[in-house]
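In what follows, a single structure is set out as structure tokens and then discussed.
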DNA sequence: TCAAAAGTGTTTGCAATACACCCATGC
DNA sequence: GCATGGGTGTATTGCAAACACTTTTGA
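Protein chains in written order, with the working numbering: chain P, -1 to 228; chain G, -1 to 228.
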């Protein structure tokens, strides 16, 4: 977050990214190790300043790409955080985006102001600088609400997945268990999943049918008044 | 929005307020008539620049008070809007708050850069400058979702109200009709309303029981896992 | 043959829906 | 009396929850 080109950036305005992943039935957050002061060497949210020539979402995409190598993912704005003392050196207001990343899609690649990047379990976050913990918790709260009425969970799963993985994702998000037969029925009745000509391989039990999410079908249903809800 | 004190403000960062009201069974938005260029004389959202010494929410409260006289109302951040061309003179990113105002609470009082303030029906909005229409529609979309799982509607009603007013509010928000007996039961079963020792007066029909929303009870229920949902 | 997950069927009870109906008040 | 909204009662239906059960695969 060193200011190298003061002509180019909007001084007191940064973006920060909360990047969520899902693996081993747990929700993860991607953090980078800061390579500049303040808080040198500390795990933190990837962030950077906004440039005059780019809109906010573009800034967020750029920062995400530069700092972590992650690109082309689902991204949405959470909001602005601007407490007077949130950043020690000067007044910086940050606009936060959260992103959902499919497993395998990301190729970790620390950028100029980070010497490393790593996934952390939500329940095992390290010390975080500034208001980053507050930001992550706010992102999670928003994510939980979004999961209820938008099929965004598919952005955290591979393109092909068995139903139980979807269930495990919802269980991880809400922190509760669902009944398998009932969850199945509820999902299948929505008509958003397409069964593929493919099954799981190499699992030590009956192999599961794989499905993919059909976004076109979802959009069409939405037009007719359908409301996704779990 | 004239910059009179460039030392004091964060140059490219403003706040804008979407103020919702409810009267005659219709959702309203409070707009002010701009008294400076650009878009002089045009109805617009009340807005202003953020100062270095105030946090964002304080800026929003201040702007709201200065421009319209409205104070002490329910307010929540919608998010940041920052398209490159949203404001013609220069790059301005704005952080939007939406507010809910009880009828009678507001005393209209146009501020320094507005010669007037007025309520408009959502369905009869005038021409709006910049991205203000987009902002209002985004606020409304957020409001609709919030209404589903948070009892914020009470911030649009007087402290004492009959059940039918609450129903009319939900009908205006969602644009659909509810069955009266069923709506009643649903609300009453939640145990959030306290019947008062008071009834409607001077109405040309049987006078209705008045209720008030019990926030303490709501908070207590929320702690025990209760989830408000309509 | 056993463990583990895939997948189906069925019963039960609650809650949303859709009404029909009576009550109070002002004009 | 009548229009208008206040307020209660009830039959029906749909669906979520609970759980018992069969199937398939690898080791």
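C-beta: ideal position from N, C-alpha, C; glycine also.
Taking C-beta separations shorter than 6 Å and ignoring five residues to either side along the sequence, residue 219(P) has no partners in its chain. When the five nearest sequence neighbours on each side are left out, the beta carbons in the same chain lying within less than 7 Å of the beta carbon of residue 197(G) are those of 205, 206, 207, 208, in order along the chain. Residue-level contact by beta carbon fails for residue 115(P) and chain G, as no gap is shorter than 8 Å. Under the three-state reduction of DSSP, residue 191(P) is assigned to strand. When rounded, the separation of the alpha-carbon atoms in residue 116(G) and residue 43(G) is 11 Å. Contiguous alpha helix (DSSP H) elements confined to the stretch 30 to 97 of chain G occur at 54 to 66, taking only those with 4 or more residues. For the stretch 171 to 197 of chain P, the beta-carbon criterion of a distance under 8 Å to any beta-carbon of chain G is satisfied by none of its residues.
Of the candidates 212(G), 148(G), 213(G), the residue whose Cα lies closest to the Cα of residue 225(G) is 148(G). Here residue 18(G) really is in contact with residue 96(G); their C-beta atoms are around 6 Å apart, less than 8 Å. Residue 207(P) is bridged by DSSP to 197(P).
Bridge partners of residue 213(G) according to DSSP: none are assigned. An exposed status is given to residue 51(P), since fewer than 16 other beta-carbon atoms sit within 10 Å of its beta-carbon. Against residue 168(P), chain G offers no close residue; the least beta-carbon distance is about 16 Å (beta-carbon pairs closer than 7 Å). Against chain G, a Cβ distance below 8 Å from residue 53(P) picks out 80, 81, 82. In the DSSP assignment, the residues bridged to residue 118(P) are 27(P). Inclusion of residue 11(P) and residue 48(P) in the CB contact set at 8 Å is warranted, their separation being smaller than that value.
Along the stretch 85 to 103 of chain P, the positions whose C-beta sits under 8 Å from a C-beta of chain G are 89, 91, 93, read in chain order. Straight-line spacing of the CA atoms in residue 146(G) and residue 39(P) works out to 43 Å.
Per DSSP, the continuous beta strand (DSSP E) segment holding residue 18(P) begins and ends at 7 to 21. Between residue 92(P) and the set 103(G), 80(G), 101(G), 66(G), the nearest pair of CA atoms involves 80(G). Within the stretch 134 to 156 of chain P, contact with chain G at the beta-carbon level (separation under 7 Å) is assigned to no residue. Contact annotation: in the stretch 6 to 20 of chain P, residues whose CB is within less than 8 Å of a CB in chain G are 8, 10, 11.
Linking residue 154(P) to residue 29(P) through their CA atoms gives a straight-line distance of about 17 Å. Chain-order list of chain P residues neighbouring residue 50(G): 10, 82, 89, by C-beta distance under 9 Å. Excluding the 5 residues flanking it on each side, residue 169(G) has same chain C-beta neighbours closer than 8 Å at 23, 175, 176, in chain order.
With a threshold of 8 Å between beta carbons, residue 77(G) makes contact with chain P.
Listed as beta-bridge partners of residue 159(P) by DSSP are 209(P). Per DSSP, the continuous alpha helix (DSSP H) segment holding residue 134(P) begins and ends at 130 to 147.
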